[in-house]
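Those protein sequences? They're chains H and F, same order as listed.
So this note's numbering is basically just the index in the first sequence, starting at one, shifted up by 1110.
So this note's numbering is basically just the index in the second sequence, starting at one, shifted up by 1110.
Here is the structure we will look at.
There are 2 protein chains.
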Amino acid sequence: MFKDRRIVTYENPDIDEAVNRLNEAFNEKRAVIIVGNCWVDYHGRASSRLEPGERIVIVKEDGAVLVHRSRGYEPVNWQPSGCILQAFKEEDKLVIKAVKRIPHEVVTMFFNKIHFLSTFRLMDEGEFSLYASEEDMQKAILMEPSLIEDGFKPIDYEKRVKPGFIDVYGVDKSGRIVVVEIKRRTAGREAVLQLAKYIETLRRELGREVRGILAAPDISKDARQLLLSLGLDFKRVDPKKCSEVLRRKEERKIVDFF
Amino acid sequence: MFKDRRIVTYENPDIDEAVNRLNEAFNEKRAVIIVGNCWVDYHGRASSRLEPGERIVIVKEDGAVLVHRSRGYEPVNWQPSGCILQAFKEEDKLVIKAVKRIPHEVVTMFFNKIHFLSTFRLMDEGEFSLYASEEDMQKAILMEPSLIEDGFKPIDYEKRVKPGFIDVYGVDKSGRIVVVEIKRRTAGREAVLQLAKYIETLRRELGREVRGILAAPDISKDARQLLLSLGLDFKRVDPKKCSEVLRRKEERKIVDFF
DNA sequence: TGCTAAATCTCGAAC
DNA sequence: GTTCGAGGTTTAGCA
Chain H
1111 MFKDRRIVTY ENPDIDEAVN RLNEAFNEKR AVIIVGNCWV DYHGRASSRL EPGERIVIVK
1171 EDGAVLVHRS RGYEPVNWQP SGCILQAFKE EDKLVIKAVK RIPHEVVTMF FNKIHFLSTF
1231 RLMDEGEFSL YASEEDMQKA ILMEPSLIED GFKPIDYEKR VKPGFIDVYG VDKSGRIVVV
1291 EIKRRTAGRE AVLQLAKYIE TLRRELGREV RGILAAPDIS KDARQLLLSL GLDFKRVDPK
1351 KCSEVLRRKE ERKIVDFF
Chain F
1111 MFKDRRIVTY ENPDIDEAVN RLNEAFNEKR AVIIVGNCWV DYHGRASSRL EPGERIVIVK
1171 EDGAVLVHRS RGYEPVNWQP SGCILQAFKE EDKLVIKAVK RIPHEVVTMF FNKIHFLSTF
1231 RLMDEGEFSL YASEEDMQKA ILMEPSLIED GFKPIDYEKR VKPGFIDVYG VDKSGRIVVV
1291 EIKRRTAGRE AVLQLAKYIE TLRRELGREV RGILAAPDIS KDARQLLLSL GLDFKRVDPK
1351 KCSEVLRRKE ERKIVDFF
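What follows is the structure, given as structure tokens:
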């Protein structure tokens, strides 16, 4: 049990030791960090070759593999979780093969120098929460329709129409049908076209006028132009304010409960 | 110089030592790996909170930050390259702040236990090559137009039309204008609609018939149906074969040169 | 299983 | 600087 948790670190291990420690770790579903000089081949949906250099390699307990260079957010090579790992020695080099089926993809890493190798099991039950998603904005608008405009009354949400799903569907204070398209970030032309498609479909279906409102924290200049030319409206809605609305309503729910 | 390259590892460092080593590393643009118990706040385009647990944190020399949990390909929290880093002690905890402007985003990591901390500089000049990209396919088709069909003659590529850029533009053996849309993977409805937009624009512009060919390794069932209903063609083109064509042509170039 | 839409997408190129 | 498109995108939600 203690061994599971303990972090075992090897500085400058020789190839044989590295092979043993790695296969041990792969069998015991322990995570691994390797820093060393390596080159990497990938074959699958595409193919790639990474010429020799020092990199950080992480193998996680679920089989995910990441090869990181000295810069940038993205790994240069990787393998998602669920791949089968194997380490062996070949011509005085450490070889690690990570194989995945569906799609069939293989990442092969060759090390001629291992500066550092560490194996361990992470104890991690902490919850992760992300706030102010597009879904949060939708919920907030449904709970607090004045975020769109005074007198707006939602009737439905995620309403199925031919081209997709309408985020929020309702009537304005004059009784006109309103379609609301929500974007969590600056809305581009794409968002306007999406809204326009819904409007056109509904106009044909219902045989009456339909208003379109694009709800987003901001809108790009060309999108605004397109929006105007199509006779649609824009309503600035702040995702963070939506989070606050949700939080407030949640609190009220709890207050009402007691 | 040697110190730069050497990997320096501290097992179970106390908070003060960790703070010193980290700020040293941030100043000297050395990369850092930390394994320890931490919680993380993020505020920026969205907001998030990660409750305590053991994680792997990487800080790269360009300021990129990655917080990895025990499973999966993606970091749970991160910061792209170019952010400003700072480590300090607060109430017996190690705090690392990673701040980026444009957009303004802050990731704050709190550690109450550091299992190990390692700092180093990666020597990495190795080239990375990805084969069989969409660009490779385009090049291959331009070099070997029969990949599309016999008698096809390319005239232009990346041709600007109102909705975007036409991958390859040419004439078929009957002299009809042909627009080729290339996809490196199974083409979906989206690809067909893209091609259709180009075709329609060109038809209006030129006032004559225009053929459309979707070139991809495969096409989804619904995309094929849409394609047929629009009177467009599909041509199966294998990305790997394109790579081979390119390689062959490159070889020929070298042969011709000598 | 396959498709669609979103992502704190990232990254690079073009305007 | 902004915008646009591609990515071995990945990931999550559904039909």
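Where a beta carbon is used, it is the ideal one built from N, C-alpha and C, also for glycine.
message: Taking only three categories from DSSP, how would you classify Cys1352 (chain H)?
response: As a position in the first sequence, residue 1352 (chain H) is number 242, starting the count at 1. It is helical.
- request: Taking 8 Å as the cut-off, decide whether the C-beta atoms of Leu1176 (chain H) and Trp1188 (chain H) are in contact.
  value: One-based indexing of the first sequence puts residue 1176 (chain H) at position 66. One-based indexing of the first sequence puts residue 1188 (chain H) at position 78. Closer than 8 Å, so yes.
message: If you reduce the DSSP assignment to three classes, tell me which class Leu1252 (chain H) lands in.
response: The residue you call residue 1252 (chain H) lines up with position 142 of the first sequence. Helix.
Endpoints, alpha helix (DSSP H) assigned at Ile1309 (chain H): By 1-based counting over the first sequence, the position of residue 1309 (chain H) is 199. It spans 1299–1316 - the alpha helix (DSSP H) in which Ile1309 (chain H) sits, taken as one unbroken run.
Proximity of Gly1163 (chain F) and Ile1224 (chain F) at Cβ, strictly below 8 Å: Along the second sequence, read from residue 1 onward, the residue named residue 1163 (chain F) stands at position 53. Along the second sequence, read from residue 1 onward, the residue named residue 1224 (chain F) stands at position 114. Result no, Cβ atoms of Gly1163 (chain F) and Ile1224 (chain F) do not sit closer than 8 Å.
Meets three-Cβ-pair contact criterion under 8 Å: the segment 1320–1331 of chain F and the segment 1339–1347 of chain F: yes
query: Under a CB-based cut-off of 8 Å, is Val1145 (chain F) close to chain H?
result: Looking up residue 1145 (chain F) in the second sequence gives position 35. It does: the Cβ of Val1145 (chain F) has a partner Cβ on chain H nearer than 8 Å.
message: On a Cα-Cα basis, can you pick out the residue from H:Val1169, H:Cys1148, H:Val1167, H:Lys1307 that is closest to Glu1291 (chain H)?
response: Here residue 1291 (chain H) is taken as the residue at index 181 of the first sequence, counted from 1. Of H:Val1169, H:Cys1148, H:Val1167, H:Lys1307, the residue nearest in Cα terms is H:Lys1307.
message: Can you check whether the C-beta of Phe1136 (chain F) is within less than 8 Å of a C-beta belonging to chain H?
response: Translated into positions along the second sequence, residue 1136 (chain F) becomes position 26. Taking Cβ atoms only, chain H never reaches closer than 8 Å to Phe1136 (chain F), which makes this a no.
- request: Check distances from the C-beta atoms of the segment 1329–1351 of chain F to those of chain H and list, in chain order, the residues that come in under 9 Å.
  value: Pro1349, Lys1350
field: Alpha-carbon to alpha-carbon, Arg1270 (chain H) and Arg1318 (chain H)
entry: On the first sequence, position 208 is the one that residue 1318 (chain H) refers to. On the first sequence, position 160 is the one that residue 1270 (chain H) refers to. Cα to Cα, the separation comes out at about 18 Å.
message: Whole angstroms are fine: how far does the CA of Lys1283 (chain H) sit from the CA of Ser1191 (chain H)?
response: The residue you call residue 1191 (chain H) lines up with position 81 of the first sequence. The residue you call residue 1283 (chain H) lines up with position 173 of the first sequence. About 51 Å.
task: Tell me where the beta strand (DSSP E) around Ile1206 (chain F) begins and ends.
output: As a working mapping, residue 1206 (chain F) is identified with position 96 in the second sequence. Unbroken beta strand (DSSP E) run through Ile1206 (chain F): 1203–1210.
- prompt: Is Ser1353 (chain H) buried or exposed, if buried means 16 or more other CB atoms sit within 10 Å of its CB?
  reply: To locate residue 1353 (chain H), count along the first sequence from 1; it is residue 243. With 16 or more Cβ atoms within 10 Å of its Cβ, Ser1353 (chain H) is classed as buried.
- request: Out of H:Glu1300, H:Val1355, H:Ala1174, H:Leu1356, point me to the one whose CA is closest to Lys1210 (chain H)'s CA.
  value: Position 100 of the first sequence, counting from 1, holds the residue named residue 1210 (chain H). Checked all of H:Glu1300, H:Val1355, H:Ala1174, H:Leu1356; the closest Cα to Lys1210 (chain H) is H:Ala1174.
query: By a C-beta neighbour count over all protein chains shown, 10 Å radius and 16 as the cutoff for buried, is Lys1293 (chain H) buried or exposed?
result: Your numbering for residue 1293 (chain H) matches position 183 in the first sequence. When all chains shown are included, Lys1293 (chain H) counts as buried.
- prompt: Quick one: is Glu1235 (chain H) near chain F, going by C-beta distance under 8 Å?
  reply: Working through the first sequence from its first residue, we reach residue 1235 (chain H) at position 125. By this cut-off, Glu1235 (chain H) is an interface position.
message: If contact is defined by three or more beta carbon pairs under 8 Å, each pair taking one atom from either stretch, is the segment 1214–1228 of chain F in contact with the segment 1152–1161 of chain H?
response: no
- prompt: Are the C-beta atoms of Arg1211 (chain H) and some chain F residue less than 8 Å apart?
  reply: Here residue 1211 (chain H) refers to the residue found at position 101 when the first sequence is read from its first residue. No, Arg1211 (chain H) does not count as interfacial toward chain F.
- request: Return the CA-CA distance between Tyr1267 (chain H) and Arg1357 (chain H), expressed in angstroms with no decimal places.
  value: What you label residue 1267 (chain H) is simply residue 157 of the first sequence in a count that begins at 1. What you label residue 1357 (chain H) is simply residue 247 of the first sequence in a count that begins at 1. The alpha-carbon atoms of Tyr1267 (chain H) and Arg1357 (chain H) are separated by roughly 20 Å.
message: DSSP three-state label for Ala1326 (chain H), please.
response: The count along the first sequence starts at 1 and reaches residue 1326 (chain H) at position 216. Ala1326 (chain H): strand per DSSP, three-state reduction.
- request: Closer than 6 Å by C-beta to Leu1340 (chain F): which residues in its own chain qualify, once you throw out the five before and the five after it? Chain order, please.
  value: Counting from 1 along the second sequence, the entry for residue 1340 (chain F) is found at position 230. Hits under 6 Å: Ala1306.
- prompt: Listing by chain order, which chain F residues have their CB less than 9 Å from the CB of Tyr1241 (chain H)?
  reply: On the first sequence, position 131 is the one that residue 1241 (chain H) refers to. Chain F residues near Tyr1241 (chain H): Ala1156, Ser1157, Ser1158, Arg1159.
query: So who's on the other strand from Val1278 (chain F), going by DSSP bridges?
result: Stepping through the second sequence from its first residue, residue 1278 (chain F) is reached at position 168. Note: Val1278 (chain F) sits in a beta bridge opposite F:Tyr1267, F:Val1290.
- prompt: Mind pulling the chain H residues with CB within less than 7 Å of Val1186 (chain F)?
  reply: For the purposes of this step, residue 1186 (chain F) is taken as the residue at position 76 of the second sequence. In chain order: Phe1238.
- request: Quick one: give me the first and last residue of the beta strand (DSSP E) that Lys1139 (chain F) is part of.
  value: Reading the second sequence from its first residue, position 29 is the one you call residue 1139 (chain F). Run containing Lys1139 (chain F): none; DSSP gives neither H nor E here.
query: From Gly1182 (chain H) to Ala1250 (chain F), what distance separates their C-alpha atoms?
result: Working through the first sequence from its first residue, we reach residue 1182 (chain H) at position 72. Working through the second sequence from its first residue, we reach residue 1250 (chain F) at position 140. If you take the alpha carbons of Gly1182 (chain H) and Ala1250 (chain F), they lie about 31 Å apart.
- request: Assuming Leu1337 (chain F) contacts Val1302 (chain F) (C-beta within less than 8 Å), just tell me the rounded distance between them.
  value: Within the second sequence, numbered from 1, the residue matching residue 1337 (chain F) stands at position 227. Within the second sequence, numbered from 1, the residue matching residue 1302 (chain F) stands at position 192. Sure, about 5 Å apart at Cβ, within 8 Å.
message: Pull the bridge partners of Glu1121 (chain H) from the DSSP assignment, please.
response: Start at 1 with the first residue of the first sequence, and residue 1121 (chain H) comes out as number 11. DSSP, once it has assigned bridges, lists H:Phe1226 as partnering Glu1121 (chain H).
Assigned secondary structure, Asp1234 (chain H) (DSSP; H/G/I helix, E/B strand, else coil): Reading the first sequence from its first residue, position 124 is the one you call residue 1234 (chain H). If DSSP states are grouped into helix, strand and coil, Asp1234 (chain H) belongs with coil.
- request: Go ahead and label Ile1117 (chain F) buried or exposed: buried means 16 or more other beta carbons lie within 10 angstroms of its beta carbon, across all protein chains shown.
  value: Numbered from 1 along the second sequence, position 7 holds the residue referred to as residue 1117 (chain F). By the neighbour-count rule (16 or more Cβ atoms within 10 Å), Ile1117 (chain F) is buried.
- prompt: Relative to the alpha-carbon of Ile1287 (chain H), which residue among H:Thr1296, H:Arg1299, H:Thr1311, H:Pro1273 has its alpha-carbon at the smallest distance?
  reply: On the first sequence, residue 1287 (chain H) is found 177 positions in, with the first residue counted as 1. The residue with the shortest Cα to Cα distance from Ile1287 (chain H) is H:Thr1311.
query: Does the beta carbon of Arg1165 (chain F) come closer than 8 Å to any beta carbon on chain H?
result: Walking along the second sequence from the start, residue 1165 (chain F) turns up at place 55. Interface residue, yes.
- prompt: Can you name the start and end residues of the beta strand (DSSP E) that Leu1160 (chain F) belongs to?
  reply: Taking the first residue of the second sequence as 1, we reach residue 1160 (chain F) at position 50. It spans 1157–1169 - the beta strand (DSSP E) in which Leu1160 (chain F) sits, taken as one unbroken run.
- request: Please name the residue or residues paired with Ser1239 (chain F) in a DSSP beta bridge.
  value: Position 129 of the second sequence, counted from the start, is the residue given in the question as residue 1239 (chain F). BP columns for Ser1239 (chain F) point to H:Arg1159.
message: What would DSSP say about Glu1245 (chain H), mapped onto helix, strand or coil?
response: Here residue 1245 (chain H) is taken as the residue at index 135 of the first sequence, counted from 1. Helix.
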